[in-house]
Amino acid sequence: MGLLIKNAIIVNADKTGQAPQDILCDGGKIARIAAGIAAGGHETIDAAGKKVLPGLIDIHTHLRQPGREDKETIETGSRAAVKGGFTSIMCMPNTNPVIDNAMVVEFIIREADRVGLCNVYPIGAVTKAQKDEELTDMAELKSAGCLAFSDDGKSVLNSRLFRLAMEYAMMLDVLIIEHCQDPLLTAGGVMNEGIVSTKIGLKGDPGIAETVTVARDIEIARYLGARVHLAHMSLKRSCELIRFAKSQGIKVTAEACPHHFTLTDEACSGFDASTKVNPPLRTQEDVDAIKEAIADGTIDCIVTDHAPHTKEDKEVGFDGAPFGLIGLETSLSLTMTELVKPGIISLNQMADKMSAAPARLVGLTGKGAVRQGYDADLTIIDPDKEWTVTREGFVSKSKNSPFIGRKLKGSVEYTICGGRVVYKI
Ligand code: DOR
Ligand code: ZN
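Here the sequence shown is numbered in my numbering, starting from 28 and rising by one per residue.
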């Protein structure tokens, strides 16, 4: 018995289906797409009035297991993922121990399989223990299941090591994801350096901490002819540098997070530690530039940077709190509300930025489109339904969201992974 989705308006990155279709999922794959497929004993979902998108893919999630299971586990993170419409997530290696050897990779894959809600792909560290001293065995990590490498949480500051990592990545055909932030320039800053930080008396992190790293990485990529993917871009100037690099044929790609196109540093003035994030929330000019860069293709994909932290960890005053906010359960609706509804991007572009492009970037074949023969990973949304973000509504173990109380448009109705319903509203 398969799963039959009736009356589906299919939204792919390249086009929207004109007439409703039925989608038959069988054996974990999309077996058939046609009008009027007979119900024939299949489990059936009526998608009339809704849109069916390729399952969302987040290439930037923090799951905290192993090491900080009080913040999030693979199980609670998977639950948050499918509630947010994600069928595949890639988890960052800044766990304890760090994802820098095959054993940790195997543990995460095994645990994710046991949970069985969504696909979880571990991201390997670039340097051992993320210490910026010695490269990991990227070939071994790739064999264990890593499709990408990053020292996220911080930059690979050692430029020689970063060059070597890019050379290995080129040989192995894996993606290097760089967190761009020079700590010597950040120098203990806790929010964006600017008028607001001066007014409220918090130490500022200047935008050049990001842009000098962006520029360096682009230059190394240019020199080697290698690919580099720049994580959570937050600045107008970063977008300008990437746009120029792309115009020169340099193989740079980039991502942005919903909080960087919905909030400014003004949000920090209430000293709510859930607005403390790396890179920091910037200015309205930056927010507008990020939106424009998403629309014109300078920014390739939208990621959550889901970074769970406990109440206890966050409630120690703005200066002492860890950086990060949760995003898995709000990303789709924030994107719908702030980008799709105002006409900045189309639903097709959203399907690209949140599914097709991420799949392409890390080489997930058979994902990122609703197409016969592809994996039956699907996200069914109601594009018009309004809902309000509440603390109690989060299934993530952590609740550090600056969006609590916000009214959003667009909701996830069903998440289907490998032809199984893994979430239903
Ligand atoms: O705000 C952030 N939190 N930015 C990062 O890069 C890391 C993340 C975390 O691990 O908490
Ligand atoms: Zn990061």
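Just so you know, even glycine gets a beta-carbon here, dropped at the ideal spot from N, CA and C. Remember, predicted model here, so these are calculated numbers, not experimental data.
Asked, Found
"Is any heavy atom of the ligand DOR found at a distance shorter than 6 Å from the C-beta of A334?", "yes"
"Check each candidate in G297, G216, I329 and K33 and name the one with the smallest Cα separation from L366.", "I329"
"At 4 residues or longer, and completely inside the stretch 197-240: list those alpha helix (DSSP H) runs for me, N to C.", "210-213 and 222-227"
"Using only alpha-carbon positions, find the residue among E339, D200 and S115 that is nearest to G445.", "S115"
"What do you reckon, is the C-beta of H206 under 6 Å from a heavy atom of the ligand ZN?", "yes"
"Taking the straight line between their C-alpha atoms, what separation do you get for T100 and K338?", "16 Å"
"Just how far apart, CA to CA, sit I72 and M193?", "45 Å"
"Just the C-alpha distance for G82 and T225, rounded to the nearest angstrom, thanks.", "43 Å"
"What does the Cβ neighbour count give for E413, buried or exposed, with the cut at 16 atoms within 10 Å?", "exposed"
"Whose CA, out of K273, G276, Q275 and V314, lies closest to the CA of E293?", "V314"
"Expressed to the nearest angstrom, what Euclidean distance is found between the alpha-carbon atoms of S265 and I86?", "20 Å"
"May I have the straight-line CA-CA distance separating N4 from G180, to the nearest angstrom?", "Absent from the structure is residue 4, since the part of the chain shown begins at 28 and ends at 452."
"Less than 6 Å between C-beta atoms, sequence neighbours within five positions excluded: which residues of the same chain meet that for A58?", "L51"
"Got a sec: does the ligand DOR put a non-hydrogen atom nearer than 6 Å to the Cβ of H89?", "yes"
"Rank S373, T291 and N39 by C-alpha distance to the C-alpha of Y401 and give the top, closest one.", "N39"
"Measuring straight from C-alpha to C-alpha, what distance separates T240 and G67?", "57 Å"
"With three or more C-beta pairs closer than 8 Å as the rule, is the stretch 373-382 touching the stretch 301-316?", "no"
"Would a C-beta distance cut-off of 7 Å place K368 and K436 closer than the cut-off?", "yes"
"Have a look at G111, H206, I135 and E133 and flag the residue whose alpha-carbon is nearest the alpha-carbon of V153.", "H206"
"Closest to M198 by C-alpha separation, out of R254, N146 and P285, would be which residue?", "R254"
"Given 6 Å as the limit, tell me if V304 has its C-beta closer than that to any heavy atom belonging to the ligand DOR.", "yes"
"Name the DSSP bridge partner or partners of D53?", "K56"
"On the DSSP bridge assignment, give the partners of I408 in chain order.", "K78 and V439"
"Report the CB separation of R106 from V422 in whole angstroms; it is logged as a contact under 8 Å.", "5 Å"
"Taking the DSSP output, what are the residues bridged to C328?", "E282"
"For L257 and M28, I'd like the C-alpha separation in whole angstroms.", "43 Å"
"Would you mind working out which of N427, I408, S425 and Q311 sits nearest I112, comparing C-alpha positions?", "A small correction: the amino acid at residue 112 is Gly; Ile does not occupy that position in the sequence shown. Among N427, I408, S425 and Q311, the Cα nearest to that of G112 belongs to I408."
"State buried or exposed for I352, treating a residue as buried only when at least 16 other CB atoms are found within 10 Å of its CB.", "For the sequence presented, residue 352 should be read as Leu rather than Ile. Buried, because 16 or more other Cβ atoms sit within 10 Å of the Cβ of L352."
"Give a yes or no on whether the C-beta atoms belonging to T331 and G354 are separated by under 7 Å.", "yes"
"The ligand SAM heavy atoms versus the CB of A258: any closer than 6 Å?", "Among the ligands present in this structure, namely the ligand DOR and the ligand ZN, the ligand SAM is not found."
"Is G215 closer than 7 Å to G231 when the C-beta atoms are compared?", "no"
"Assuming contact is defined by CB atoms lying nearer than 7 Å, are A74 and N34 in contact in what I supplied?", "yes"
"Helix, strand or coil for K434? Go by DSSP, reduced to three states.", "strand"
"Do you know how far the Cα of I443 is from the Cα of A320?", "30 Å"
"The beta strand (DSSP E) with I37 in it runs from where to where?", "L30 to I37"
"Could you tell me the boundaries of the alpha helix (DSSP H) in which L308 lies?", "Taken as a continuous stretch (DSSP letters only), L308 belongs to no alpha helix (DSSP H), as it is neither H nor E."
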